[in-house]
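First comes the structure, then the notes that go with it.
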Amino acid sequence: MIRALWLKKIWRGRSKGVSSVIGTVFLILVVFAISTNVFLWTISQSATYNQAVKDANQKNADKLSENVIVSNVNYSVPLPNRVKVDAKLTNAGSVSAQIINLWVFDTTIQRYGFNNTMTSLNLNPGDILYLTGSNGIMVTIEGASSPDNFVAWFVTARGNTVALQVEQSVIIANLAQGIGSIALDFNTFRYYIYSGSKLANYPAGISGFNVPYNTYIAFGVALTNLDPSKQTISLDIHSQLWLYFPTVPGAGPFVWYIANVAADGTITTPPYTTITLAYTETKLLNFVYGKEGDSTKVKIDHPQVDDKLCAVNLLLHGTIGTQDYGQNIPFVSLYVS
Numbered sequence: 001m002i003r004a005l006w007l008k009k010i011w012r013g014r015s016k017g018v019s020s021v022i023g024t025v026f027l028i029l030v031v032f033a034i035s036t037n038v039f040l041w042t043i044s045q046s047a048t049y050n051q052a053v054k055d056a057n058q059k060n061a062d063k064l065s066e067n068v069i070v071s072n073v074n075y076s077v078p079l080p081n082r083v084k085v086d087a088k089l090t091n092a093g094s095v096s097a098q099i100i101n102l103w104v105f106d107t108t109i110q111r112y113g114f115n116n117t118m119t120s121l122n123l124n125p126g127d128i129l130y131l132t133g134s135n136g137i138m139v140t141i142e143g144a145s146s147p148d149n150f151v152a153w154f155v156t157a158r159g160n161t162v163a164l165q166v167e168q169s170v171i172i173a174n175l176a177q178g179i180g181s182i183a184l185d186f187n188t189f190r191y192y193i194y195s196g197s198k199l200a201n202y203p204a205g206i207s208g209f210n211v212p213y214n215t216y217i218a219f220g221v222a223l224t225n226l227d228p229s230k231q232t233i234s235l236d237i238h239s240q241l242w243l244y245f246p247t248v249p250g251a252g253p254f255v256w257y258i259a260n261v262a263a264d265g266t267i268t269t270p271p272y273t274t275i276t277l278a279y280t281e282t283k284l285l286n287f288v289y290g291k292e293g294d295s296t297k298v299k300i301d302h303p304q305v306d307d308k309l310c311a312v313n314l315l316l317h318g319t320i321g322t323q324d325y326g327q328n329i330p331f332v333s334l335y336v337s
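Sequential numbering of the sequence shown, starting at 1, is according to this note's numbering.
See the structure below:
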């Protein structure tokens with residue numbers, strides 16, 4: 001009896017020691033688990049931070065590598081309050097670029113406008129994009145008109161801005177002010193051979209400065225509006241092309257009047273529809289008829305002008321803006337044979 005009580009007392013003392021050991025082990029396991037989770041969380045956060053820093057550095061590097069060059073810039077106002085921007089874009093950088101916005105500032109009336117619908121303007125390195133003609137970008141600015149001055153800039157998806165610089169030629173500006181608002185492209189001067197009521201070789205024509213004798217022909221000239229006031233020029237039915245022979249008295253002048261010609265060479269007049277030239281716009285104009293508003297064909301058939309040199313003059317008439325307009329463009333000569 002006494003021995004049993006003694007053993008019971010000994011076990012009770014040992015059980016208290018075992019409980020302490022178990023509690024200590026459990027506490028160590030809890031601390032270890034918490035420490036492990038904290039360590040793993042710290043590693044994951046560090047990895048996330050490092051990846052974020054890497055991404056930010058890559059974005060900054062890509063932004064710095066983006067290099068879009070804009071040239072051949074032209075501003076026009078083909079419709080009231082609508083500014084048209086023509087330009088050539090070249091991606092000279094090492095990364096692709098996306099144009100997402102175009103801002104235009106009318107410095108004359110101090111108003112802004114923008115176009116943010118250009119989601120498809122993507123340029124890979126080395127790509128060239130022509131935003132001209134029907135691909136030109138339109139921006140609405142209330143009160144904008146052709147004589148106004150404009151500045152503009154593109155915005156890329158990476159946040160870079162690309163300024164648009166207008167390239168102006170002093171020679172062309174002086175030429176326009178010296179001889180008039182319309183300039184003639186001499187290299188594109190051409191003539192056409194008739195095929196019934198059509199121009200058979202339209203619009204390419206036959207280039208050069210030699211024309212056939214005693215053959216029904218018409219003429220095509222490329223004209224550009226370089227008016228310093230940036231106004232639209234309209235040419236009426238009185239506009240004509242003269243051809244005369246200074247060494248043959250009484251020979252001519254032979255006269256061709258302006259006409260409308262369809263894309264397939266069909267002469268669509270009479271009646272004549274006024275032809276307009278917006279500022280910096282170039283158009284091929286055709287001088288076809290021998291009488292104003294008529295369908296008479298013309299040929300160079302004076303017996304003394306074969307194998308002779310002649311001078312060509314364009315007599316242009318119409319309106320510039322809301323004012324009357326008239327201009328004579330010489331400087332072309334032809335040889336008839």
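We put the beta carbon where it would ideally sit given N, CA and C, even for glycine.
field: For Lys59 and Gln327, the rounded distance between their alpha carbons
entry: Within the sequence shown, the letter at position 327 stands for residue 327. Within the sequence shown, the letter at position 59 stands for residue 59. Whole-angstrom Cα-Cα distance: 56 Å.
- prompt: Would you call the CB atoms of Tyr257 and Ser234 closer than 9 Å?
  reply: Taking the first residue of the sequence shown as 1, we reach residue 257 at position 257. Taking the first residue of the sequence shown as 1, we reach residue 234 at position 234. The answer is no: Cβ separation not under 9 Å.
- request: Write down the C-beta distance between Val312 and Leu243 rounded to the nearest angstrom, noting that I regard them as a contact closer than 8 Å.
  value: Locating residue 312 in the sequence shown gives position 312, counting from the first residue. Locating residue 243 in the sequence shown gives position 243, counting from the first residue. Yes, Val312 and Leu243 are in contact; Cβ-Cβ is about 5 Å, under 8 Å.
Secondary structure, beta strand (DSSP E): runs of 3+ residues fully inside the stretch 115-176: 121-123, 128-131, 137-140, 150-156, 161-164
field: Residue closest to Thr232, alpha-carbon to alpha-carbon, out of Thr36, Asn67, Pro78
entry: By 1-based counting over the sequence shown, the position of residue 232 is 232. The candidate whose alpha carbon is nearest that of Thr232 is Pro78.
query: Looking at the unbroken beta strand (DSSP E) that takes in Phe238, where does it start and where does it end?
result: Taking the sequence shown and counting its residues from 1, the one referred to as residue 238 is at position 238. The question names Phe, but residue 238 in the sequence shown is His. Segment: none, His238 is in no beta strand (DSSP E) and carries neither H nor E.
- prompt: At a cut of 8 Å, does the stretch 213-226 reach the stretch 177-192 through at least three beta carbon pairs?
  reply: yes
query: Using a Cβ-Cβ cut-off of 7 Å (strictly less than) and excluding sequence neighbours within five positions of Asp306, which residues of its own chain qualify?
result: As a first step, residue 306 is located in the sequence shown; it is residue number 306 there, counting from the start. Within the same chain, Asp306 has close Cβ partners Tyr213, Val336, Ser337.
query: Quick one: what does DSSP say Thr42 is sitting in, helix, strand or coil?
result: Position 42 of the sequence shown holds residue 42. Here Thr42 sits in helix by DSSP.
message: Classify Tyr49: buried if its beta carbon has 16 or more other beta carbons within 10 angstroms, exposed otherwise.
response: Taking the first residue of the sequence shown as 1, we reach residue 49 at position 49. Result: exposed.
message: To the nearest angstrom, how far is the alpha carbon of Ile329 from that of Asn286?
response: Taking the first residue of the sequence shown as position 1, residue 329 is located at position 329. Taking the first residue of the sequence shown as position 1, residue 286 is located at position 286. Approximately 15 Å between the Cα atoms of the pair.
- request: Assign Gly178 to one of three DSSP states: helix, strand, or coil.
  value: For this step, residue 178 is matched to residue 178 along the sequence shown. In this prediction, Gly178 has a pLDDT of 46, which is less than 50 and means its spatial position is unreliable; nothing more can be read from the coordinates.
query: CA-CA distance, Leu29 and Ile22?
result: Residue mapping note: residue 29 aligns to position 29 of the sequence shown, counting from 1. Residue mapping note: residue 22 aligns to position 22 of the sequence shown, counting from 1. So the two alpha carbons sit approximately 11 Å from each other.
message: For Ala251, report the span of its beta strand (DSSP E) as first-last.
response: Position 251 of the sequence shown, counted from the first residue, corresponds to residue 251. Where Ala251 is concerned, there is no enclosing beta strand (DSSP E), given that its DSSP letter is neither H nor E.
- prompt: Out of curiosity, what's the CA-to-CA distance linking Ile34 and Ile43?
  reply: Within the sequence shown, numbered from 1, the residue matching residue 34 stands at position 34. Within the sequence shown, numbered from 1, the residue matching residue 43 stands at position 43. If you take the alpha carbons of Ile34 and Ile43, they lie about 14 Å apart.
- prompt: Thinking just about the alpha-carbon of each residue, which of Gly93, Asn122, Gln165 is nearest to the one in Val85?
  reply: Here the question's residue 85 lines up with position 85 in the sequence shown. Selected option, being the one with the closest Cα: Gln165.
- prompt: For the candidate residues Phe39, Thr215, Asn124, Val95, whose alpha-carbon lies nearest to that of Glu66?
  reply: Taking the sequence shown and counting its residues from 1, the one referred to as residue 66 is at position 66. Nearest C-alpha to Glu66: Val95.
field: Proximity below 9 Å, CB of Val70 to CB of Trp103
entry: Residue 70 sits at position 70 when you count from the first residue of the sequence shown. Residue 103 sits at position 103 when you count from the first residue of the sequence shown. Taking 9 Å as the Cβ cut-off, Val70 and Trp103 do not qualify as a contacting pair.
message: Going by beta-carbon coordinates alone, are Leu269 and Val288 separated by less than 9 Å?
response: As a first step, residue 269 must be located in the sequence shown, where it is residue number 269. As a first step, residue 288 must be located in the sequence shown, where it is residue number 288. Looking at the sequence itself, residue 269 is Thr, so the reference to Leu does not match. Yes, the pair counts as a contact, with Cβ atoms nearer than the cut-off.
- request: Return the Cβ separation of Phe219 and Leu241 in integer angstroms, given the expectation that the two are a contact with Cβ distance under 8 Å.
  value: By one-based count along the sequence shown, residue 219 stands at place 219. By one-based count along the sequence shown, residue 241 stands at place 241. Indeed, because the Cβ distance is near 6 Å, the residues count as touching under 8 Å.
query: Are Asp148 and Thr108 closer than 9 Å when you measure CB to CB?
result: Locating residue 148 in the sequence shown gives position 148, where the first residue counts as 1. Locating residue 108 in the sequence shown gives position 108, where the first residue counts as 1. In this structure, Thr108 lies closer than 9 Å to Asp148 by Cβ.
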